[in-house]
Amino acid sequence: MPRLYKVDLAKRPSLLEELRAEVMREPEVVFAYGYGSFLESEAFHDVDVGVCLVTDEPEKATVKALALAQRLTARVGFPVDVRILNQAPAPFVFHVLRGRLIFSRDDDRLAEVIEATVRRYLDIAPLLRQSAKEAFGA
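Numbering (my numbering), first residue to last: 93 to 230.
This is how it looks when you write it as structure tokens:
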């Protein structure tokens, strides 16, 4: 079972700043968001970071994500899980974008991604709700 970490909520902004400082060093990162249990819960298993990269090549993106995760983990002292947003499904990207912006190198590109994600998500939201009703009887 993965280890559970607890960090005082007052210290989390400084950890996000540490992440920001490290992400800024990676020229391939267009923007990065923190999301998940690190922001939402008292305890967490890892720090979730979603990044949009300059490249859309899956193999190159995977190598970048793994290297960045290692650097971020070393910097903050907690496991960091880096997910690439470039080709990710709209519901996942929508979830990530509801987190906290860590860094943006290109605000225009960020705005384009937000707009495209919200449009795609709203297009499929009725299907997602219907599927949830059928699956869970809600």
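Think of the CB as a built atom: it goes at the ideal place given N, C-alpha and C, for glycine as much as any other residue.
Comparing alpha carbon positions, the residue from R95, H187, S129 and E120 closest to L101 is S129. A Cβ-Cβ contact shorter than 8 Å links I194 with G126. In the displayed model, D199 falls within a helix according to three-state DSSP. Residue pairing of Y125 in beta bridges, as defined by DSSP: G142 and L193. When rounded, the separation of the alpha-carbon atoms in A159 and V172 is 11 Å.
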